[in-house]
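Below is one structure, written out as structure tokens; the observations come after it.
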Amino acid sequence: MKQGDQTALAELMDLYGTGIYRTAVLLMKDIHLAEDASQEAFIKAYQRIHQFTGQGSLYGWLLTITLNQCRTWMRKSAWRRLFYRAVPEETMIPRPTEVDHQGPEQSFLRQELLGQVYQLPYKYREVIILHYYQDLSVYEISEYLGEREGTVKSKLFRGRALLKNVLEKEEWQDEGSG
Numbered sequence: 001m002k003q004g005d006q007t008a009l010a011e012l013m014d015l016y017g018t019g020i021y022r023t024a025v026l027l028m029k030d031i032h033l034a035e036d037a038s039q040e041a042f043i044k045a046y047q048r049i050h051q052f053t054g055q056g057s058l059y060g061w062l063l064t065i066t067l068n069q070c071r072t073w074m075r076k077s078a079w080r081r082l083f084y085r086a087v088p089e090e091t092m093i094p095r096p097t098e099v100d101h102q103g104p105e106q107s108f109l110r111q112e113l114l115g116q117v118y119q120l121p122y123k124y125r126e127v128i129i130l131h132y133y134q135d136l137s138v139y140e141i142s143e144y145l146g147e148r149e150g151t152v153k154s155k156l157f158r159g160r161a162l163l164k165n166v167l168e169k170e171e172w173q174d175e176g177s178g
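Quick note on UniProt numbering: the sequence shown kicks off at 1 and runs consecutively.
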């Protein structure tokens, strides 16, 4: 792909497309926006392949481009308004391998939790998704986001605390109404 041939781009998309797309869906909360963002990320990668130095993995480099692309889209005012609307259920995509092994109750709880993750401010949602849904280490997240590990740990801590507060509040409401 260093020469920029389209066959290599197609192979790259076949190899990493699902992971890149899944990350975009989880961050953007909409399959259509995620599709556009991930396509643009691959186009940028194709155009800038000469900038890939070989340090780190190619997937990590693509993931960084995707994260930046998602951030760019989120900054646009039109997208920001869409971001706060209710998330249609059909746009949420759980991991197929996990859904196959889960019962209906586990699947429902997973979707409920993901719905709460979607309500977090973007800076916390981003690290929560990368850590828990994409199984990246704190070090990997810090590399991809260009932030210090301490910053990533702090965002994870605050994001988990926000989730805990919301979940405890919901539990209290459920117990109080029953």
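Glycine residues also receive a C-beta, built at the ideal position from the N, C-alpha and C atoms.
For Ile20, the closest alpha carbon among the candidates Lys29, Leu63, Ala45, Ile31 is that of Leu63. Shown here, Thr53 sits in coil according to DSSP, grouped into three states, outside any helix or strand. Look at Lys123 here: in three-state DSSP terms it is helix. Per the C-alpha coordinates, the member of Leu114, Ala161, Glu147 positioned closest to Lys29 is Leu114.
Rounded to the nearest whole angstrom, the C-alpha separation of Tyr46 and Thr7 is 11 Å. By the Cβ criterion, the segment 137-152 is not in contact with the segment 162-172, since fewer than three pairs of Cβ atoms, one from each stretch, lie closer than 8 Å.
Apart from the 5 residues on each side of it in sequence, Phe52 sits with its Cβ closer than 6 Å to the Cβ of Trp61 in its chain, given in chain order.
Contact check for Lys44 against Ile65 passes: the beta carbons are separated by less than 7 Å.
For His131, the closest C-alpha among the options Lys169, Gly56, Val152, Ala41 is that of Val152.
When secondary structure is reduced to three states using DSSP, Gly146 falls in the coil class, being assigned neither helix nor strand. Annotation: the continuous alpha helix (DSSP H) that includes Gln6 extends over 6-28. Rounded to the nearest whole angstrom, the CA to CA distance from Phe108 to Ile49 is 41 Å. With respect to the C-alpha of Lys123, the residue from Glu105, Glu168, Asn68 having the closest C-alpha is Asn68.
The DSSP-derived three-state label of Ser137 is coil. Counting the other CB atoms within 10 Å of its CB gives Arg148 a total below 16, which places it among the exposed residues. Inclusion of Leu15 and Ile129 in the CB contact set at 7 Å is not warranted, their separation being larger than that value.
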